[in-house]
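Trainee: Below is one structure. I have some questions about it.
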Amino acid sequence: MPIPKRIPPWADALWLALLAAYIVAGAAIVPFHGDESTLMFMGRDFHYLFVDGDLSKVIYDRNRTEEGPELTLRLLNGTVSKMAYGWVMASNDRALRDYDTRWDWGADYETNRARNKIPDIGLLSQARLTSAVQLAAAAVVFFYFVQTALNRPTAYLASALFALHPNVLINGRRAVMEGSHLLGLMLALLAGVWLLRERKWRQYLLLGVCMGFAVAAKHPNALASGLIFLACFIAPLCQLISRRVQKWRSAAAHLLGMLASGILAILVFFFLNPGWWRYPVEAAQLAYTYRTYLIRRQMASDDAYGSIAESLRGFFEYVFAAEHQYFAAASWADFEVITAQIERYESSGLAGILFGGTVIFGIVCLALAMFGAVNLARDSAIEAKNRLLLLLWMIGLTLVTLLLTPLPWARYYLPLAPALAILLSYALIVVASAVWKRYSRRANGIDVLD
65 MPIPKRIPPW ADALWLALLA AYIVAGAAIV PFHGDESTLM FMGRDFHYLF
115 VDGDLSKVIY DRNRTEEGPE LTLRLLNGTV SKMAYGWVMA SNDRALRDYD
165 TRWDWGADYE TNRARNKIPD IGLLSQARLT SAVQLAAAAV VFFYFVQTAL
215 NRPTAYLASA LFALHPNVLI NGRRAVMEGS HLLGLMLALL AGVWLLRERK
265 WRQYLLLGVC MGFAVAAKHP NALASGLIFL ACFIAPLCQL ISRRVQKWRS
315 AAAHLLGMLA SGILAILVFF FLNPGWWRYP VEAAQLAYTY RTYLIRRQMA
365 SDDAYGSIAE SLRGFFEYVF AAEHQYFAAA SWADFEVITA QIERYESSGL
415 AGILFGGTVI FGIVCLALAM FGAVNLARDS AIEAKNRLLL LLWMIGLTLV
465 TLLLTPLPWA RYYLPLAPAL AILLSYALIV VASAVWKRYS RRANGIDVLD
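Numbering-wise, the numbering used here comes out as the position in the sequence shown, counting from 1, plus 64.
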């Protein structure tokens, strides 16, 4: 894809700095969510490990049964964010009792506040800053992934759509798991496309590290990491077979590299989950049991999707129409303090692009995404291995998200935000390029693009 010669290389750094500054700037005023209290409560694992120096309080022990919600939350969720929030608490010399802010979803806002379930505003702001910094890093990594896999113009537009997406900003700025979740996903994607570009041992090892980090950040990243791993496994083999050049030796090296990458991913995940260290198989089984139970509870709730039609509608609303969502519990609409926070946030100019949320907007985005996907699959200017990575990741993640998402919660659709940003941006760049070529031909063949 041609790019304007007049754009200097340093413009990338300036552009990314502006996006990062915008993401971080709104973290302090993003409306509160009860999960922020719970995630900061989970930061006590950092205190156990690095303040008390007591691994026994974190590691899963089949003979200890008194842990209750701590054990459930420890095995059910990723570790990266909660360790970051624990570091924030510890660096402010907070005692363990200050971590006891787990949100009570059976009580209203005022009751939780009276019970000190809302973290100290200073600590909450610092915790949000750690999440927002991770989201800003995700935007930077996303830019370089798109530039490497596609082209520079698409990277500029896609990174803007990503960084200005309301739901990405709402969830990525809060002290929850989405900042590290999206950062892990972007790192795995970038490592994948680097591996496809240059199959050296450091690329295989980097992919393993990034996949392990991604899954440790939030367990659902296992699906995306698996799709990335599959694309990186298949594409080089197809290329080697088609070229028939040193096929067996190169194929064997590639298989060994992918094996090393997979093993390293497991080891990194294991290292970042000290709760699994003593009984890893039992901990994994327990985590699966907790996750299954949680999904069943969600599917049995009154808010759960009751049919394929409802799932499709929710998918359309949160993926294409960009319906932004500050809370999932309907009762939160009655909390005046939350309503005031939303109004302040949206009037600040830091809430992202707020003109979505309509059927017409969703239809336009859907049409552009389909146009982008078809052209991406056919574009011979993009290397086939990159197209395979992009399409396998996008299609696989879309199908699983559509089929397995039980509730109309916007954050469950966040992993699709980068994919949609790519398809929309690519479609717009294709159209703009066609218009520019026609204009250039009419202007006596003068083409200012290289």
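The beta carbon of each residue, even a glycine, is placed where N, CA and C say it ideally should be.
None of the values given here were measured: they were computed from a predicted structure.
Report, in whole angstroms, the separation of the C-beta atoms of TYR220 and TRP79, which I expect to be a contact under 8 angstroms.
Mentor: Yes, TYR220 and TRP79 are in contact; Cβ-Cβ is about 6 angstroms, under 8 angstroms.
Trainee: Under the three-state reduction of DSSP, which class applies to ARG360: helix, strand or coil?
Mentor: ARG360: helix per DSSP, three-state reduction.
Trainee: Whole angstroms is fine: what's the gap from SER325's alpha carbon to ALA202's?
Mentor: If you take the alpha carbons of SER325 and ALA202, they lie about 22 angstroms apart.
Trainee: Could you pull the start and end residues of the alpha helix (DSSP H) that LYS501 belongs to?
Mentor: Note, LYS501: alpha helix (DSSP H), 480-506.
Trainee: Anyone know if the C-beta pair for GLN175 and PHE105 falls short of 8 angstroms?
Mentor: It is Thr, not Gln, that sits at residue 175 in the sequence shown. Not in contact: THR175 and PHE105 (Cβ atoms no closer than 8 angstroms).
Trainee: How should ILE523 be labelled, buried or exposed, when 16 other C-beta atoms within 10 angstroms of its C-beta is the threshold for buried?
Mentor: No statement about residue 523 is possible, as the shown extent of the chain runs from 65 to 514 and does not include it.
Trainee: So, PRO284 versus ILE359, is the Cβ gap smaller than 8 angstroms?
Mentor: Cβ atoms of PRO284 and ILE359: not closer than 8 angstroms.
Trainee: In whole angstroms, give me the CA-to-CA distance for GLY276 and ASN231.
Mentor: Between GLY276 and ASN231, the C-alpha separation is close to 25 angstroms.
Trainee: Could you round the C-beta distance between PHE226 and PHE206 to whole angstroms and report it? I think they count as a contact, below 8 angstroms.
Mentor: The pair is a contact, with the Cβ atoms about 6 angstroms apart (cut-off 8 angstroms).
Trainee: Could you say which of ALA281, PRO300 and GLU387 lies nearest to GLY426 if we only look at CA atoms?
Mentor: GLY426 has its Cα closest to that of GLU387, out of ALA281, PRO300 and GLU387.
Trainee: Could you compute how far the alpha carbon of SER375 sits from the alpha carbon of ASP157?
Mentor: Using only the alpha carbons, I get a separation of about 46 angstroms.
Trainee: For THR465, which three-state DSSP category applies?
Mentor: Helix at THR465.
Trainee: Determine the burial state of PRO482: buried for a count of at least 16 other Cβ atoms within 10 Å of its Cβ, exposed for fewer.
Mentor: Result: buried.
Trainee: Alpha helix (DSSP H) containing PRO133: first to last residue?
Mentor: Looking at the DSSP string, the run of the alpha helix (DSSP H) that includes PRO133 is 133-140.
Trainee: Can you give me the C-alpha to C-alpha distance between LEU119 and LEU461, rounded to a whole angstrom?
Mentor: Between LEU119 and LEU461, the C-alpha separation is close to 36 angstroms.
Trainee: Figure out for me which residue from SER489, TRP74, ALA77 and ILE87 has the closest Cα to the Cα of ALA415.
Mentor: For the residues SER489, TRP74, ALA77 and ILE87, the minimum Cα distance to ALA415 belongs to ILE87.
Trainee: Quick one: does ALA481 have its CB under 8 angstroms from some CB of chain D?
Mentor: Given the protein chain composition of this structure (a single chain), no chain D is represented.
Trainee: Who are the Cβ neighbours of SER584 in its own chain at under 6 angstroms, not counting the five residues just before and after it?
Mentor: With the chain covering 65 to 514 only, the question about residue 584 has no answer from this structure.
Trainee: Pick out whichever of HIS97, LEU82 and ALA75 has its Cα sitting closest to the Cα of ALA392.
Mentor: When each option's Cα is compared against that of ALA392, the closest is HIS97.
Trainee: Since PHE419 and ALA491 are thought to touch, with beta carbons under 8 angstroms apart, how far apart are those beta carbons, to the nearest angstrom?
Mentor: Contact flag wrong, Cβ pair sits at about 18 angstroms.
Trainee: Enumerate in chain order the residues of its own chain whose CB-to-CB distance from ASN180 is below 6 angstroms, with the five nearest sequence positions on each side excluded.
Mentor: Excluding sequence neighbours, ASN180 sits near nothing in its chain.
Trainee: Expressed to the nearest angstrom, what Euclidean distance is found between the alpha-carbon atoms of THR218 and LEU336?
Mentor: If you take the alpha carbons of THR218 and LEU336, they lie about 34 angstroms apart.
Trainee: Apart from the five residues just before and just after THR136, which ones in its own chain have a Cβ nearer than 7 angstroms to its Cβ?
Mentor: Taken in chain order, the residues that qualify are TYR354.
Trainee: In angstroms, rounded to a whole number, what distance separates the CA positions of ASP398 and TYR343?
Mentor: The straight-line gap from Cα to Cα measures roughly 45 angstroms.
Trainee: GLY421: which of LEU260, ASP168, GLU400 and HIS229 sits nearest, CA to CA?
Mentor: Answer by Cα proximity: HIS229.
Trainee: Out of curiosity, what's the CA-to-CA distance linking ALA347 and PHE334?
Mentor: Computed Cα separation, rounded: 11 angstroms.
Trainee: Determine the DSSP secondary structure at ASN180, reduced to helix, strand or coil.
Mentor: Note: ASN180 maps to coil in three-state DSSP.
Trainee: If the criterion is Cβ atoms closer than 8 angstroms, does the pair TYR149 and GLY339 meet it?
Mentor: No; because the gap between Cβ atoms is not below 8 angstroms, this pair is not in contact.
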